[in-house]
Amino acid sequence: MSQFNHSNMFLFYERILLFVKLNKKNIFLIVFLSTICLFPNLFYIFFGSSLSGNNTKKIIFFGISIIFFLIPFLIFKVRSSFLINGIFVLLAPLEIAQIYLNKETISPGFILLILQTSFYESYELLESIKLLIFAYLLVYLVYFFGVSQLPKKIDLFTKKRRLIVTSLCLLFLSSLYLYFFALNSKIVPDKKEVFMFANGSFLQKFEEIYPYDILYSINEGIKQYQTIKKTSADVEHFSFGAKQLVRTNEREIYVLVIGETARYANFSINNYTRITSPLLSKTTSLVSFRDVYSEGNETRTSLPILLTRATAKNFKLFTKEKSIIDAFDEAGFSTYWIANQSVGDTFIQRVVRKTRECFFVAKKNNSSDNFDEKLWIYLDKILAKKEKKQFIVIHTMGSHYRYNNRYPEAFNKFRPSSEGTFSYGVIDMQNKDKLINSYDNSILYTDYFLAKTIAKISHKKGVSSLVYISDHGENLFEKGRVLHGGIVPTISEVHVPFFVWTSERFNQLFPQKKTSIIENANKSITSSVIFYSLLDLANIDIRENKKQKSICSPLLHADSLRFALNQNEQVINMSK
Ligand SMILES: [Zn+2]
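Here the sequence shown is numbered in my numbering, starting from 1 and rising by one per residue.
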């Protein structure tokens, strides 16, 4: 038996040696050209933030990269295949620059940034890319010279090997799908949803593989750009008729901070047993509302309800009307948007068109180093301006899943916590403590971020306020449920933290508003109060003033019934 194996092995090596001997120059060329083609992928495997420290992810990434690269070779001759792959070598500098600068692959949001040229980051990228493009022109010349040296009529694979390689690729892809299916069946209770989530995770893997990521992102980015143009045109003639009724003639700064995936129950200011919000607990003139439900259990549905007059029951109103930004703009405020996410969200991009300035991080949600405090540089610049009236929205990453990627090491207080990047597969009872510890660390960081942001605004000594609300909450193993955004919204998903801070000068000038804020703190309300409350804080009047929806008014109505949209935009009664 062993004799047979040895002679078999010998035969195998002999054949390879023979092949190398006959094709020495060609093999060298093929390896050289393949390395140029796959360089962006290899670069990402070493430096990409979404793969760091996770070998399974690296293997999946490399596997799909190889499949993309091999497709032409399964159909065409070697030379034609390298010519086809060569088209993408032209796009490589863009990919390499994005990996170098942001540790990310190209995304639709990134293409959107380039299309909307007023953005700072795309300039920075195009500047840094100049040298790279020049270097790549040289690489490009060498590449095509190399391709021209290849014989015209050889195939990379014999017919039989072609069949084997194709089967291996298909086997790899189907195992990958099964892997995602198994992962999702562990965390999603509904069987139909498992397919949906598995499809989503499977396709998402391709979206970050060069060169497909660039083609996909250009296509999606252009589509999104057109949607933004169209939806902006739809509301162009809409006006709130907003006016500021009481003009203080002092500096006024109103800030809305939108949180991410923070739930009410995990803040110590809301009686959580762990000390997760020590700084907010000490912040003077800060009121925590006890009973606020978000009207959507995911970002996509929650944001339009926060920023427009839309509600869960009248959701599509957001496509017909402008937003809170426009209302402040009409009333004479300079408006700003600073965001650590949602760069590719067509609704958000429509909303920010009227802002004086906006900043978006061009990173994806799985990035491990875009901490919210990085937004302070932009906030500081805005606060340093000599403007009398400002309205600033800060959209944070808060406690978005991989909780441990949301805070620097100094906030790693509750241990053991999760480490590095990992798949959704780690969400199981075994890792429950680690996940909850990481989640609580992210809340501790949110406490720091909010308290320091308030301090920055307070320092300006004006008439100002900061309102913080999270877009939705999160399930943390209650009844075995995790994450958020399912078909049946849970209380953990909709009960959100809601803080209102007002400055000393605000309290002096508007004591009746301050009293109402304190008195309203226990009323059961929903996230749809944000729109009217922000206007009322700034004394802005629109044609439809709903005092029953303002936290600064004694008329604020406590809701006996509250509704929320689920993942399918169905209206669910949360009061049952
Ligand atoms: Zn969200």
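All residues carry an ideal CB built from backbone N, CA and C; glycine is no exception.
With contacts defined by Cβ atoms closer than 8 Å, S81 and P93 do not form a contacting pair. Relative to ligand 1, the beta carbon of H237 is positioned no closer than 7 Å to any heavy atom. The three-state reading of DSSP puts D155 in coil, since its state is none of H, G, I, E or B.
For V494, the uninterrupted alpha helix (DSSP H) run begins and ends at I491 to V494, by DSSP.
Between L509 and L280 a beta carbon distance of about 24 Å is seen, past the 8 Å cut, so the two are scored as non-contacting. Distances from the CB of H395 to the heavy atoms of ligand 1 are all 7 Å or more. Under the three-state reduction of DSSP, T105 is assigned to coil, being neither helix nor strand.
With contacts defined by Cβ atoms closer than 8 Å, V352 and W337 form a contacting pair. The DSSP-derived three-state label of K388 is coil. Shown here, G259 sits in a strand according to DSSP, grouped into three states. By the neighbour-count criterion, in which 16 or more other beta carbons inside 10 Å mark a residue as buried, L556 falls on the buried side. Rounded to whole angstroms, the separation of the alpha carbons of S52 and A339 is 24 Å.
Between the stretch 225–236 and the stretch 432–452 there are fewer than three inter-stretch CB-CB distances shorter than 8 Å, so the stretches are not counted as touching. If one requires a minimum length of 3 residues, the beta strand (DSSP E) runs lying completely within the stretch 469–515 are 498–502, in chain order.
CA-to-CA, the gap between V482 and S418 works out to about 16 Å. For I530, there is no enclosing beta strand (DSSP E); the enclosing alpha helix (DSSP H) covers residues V529 to L537. Per DSSP, Y336 is one residue of the beta strand (DSSP E) stretching across S334 to A339. Of E504, I45 and I66, the smallest CA-CA separation from V31 is found for I66.
The Cβ neighbour count for V246, taken over all protein chains shown within 10 Å, is under 16; the residue is labelled exposed. Around F531, the same chain offers R309 and I324 as residues with beta carbons nearer than 6 Å, after the five sequence neighbours per side are excluded. The residue among I542, D440 and L138 with its C-alpha nearest the C-alpha of S277 is D440. Looking at the backbone, the Cα of K381 and that of I392 are separated by about 12 Å. DSSP places I572 inside the beta strand (DSSP E), whose first and last residues are V571 to N573.
Nearest to L183 by alpha-carbon distance, out of F422, S367 and H472, is F422. If you draw a straight line from the Cα of K460 to the Cα of F333, it comes to about 17 Å. T335 sits buried, since 16 or more C-beta atoms from the chains shown fall within 10 Å of its C-beta. Secondary structure note for E357: its beta strand (DSSP E) is the uninterrupted segment E357 to F360. For L535 and T502, the gap between their C-alpha atoms comes out near 14 Å.
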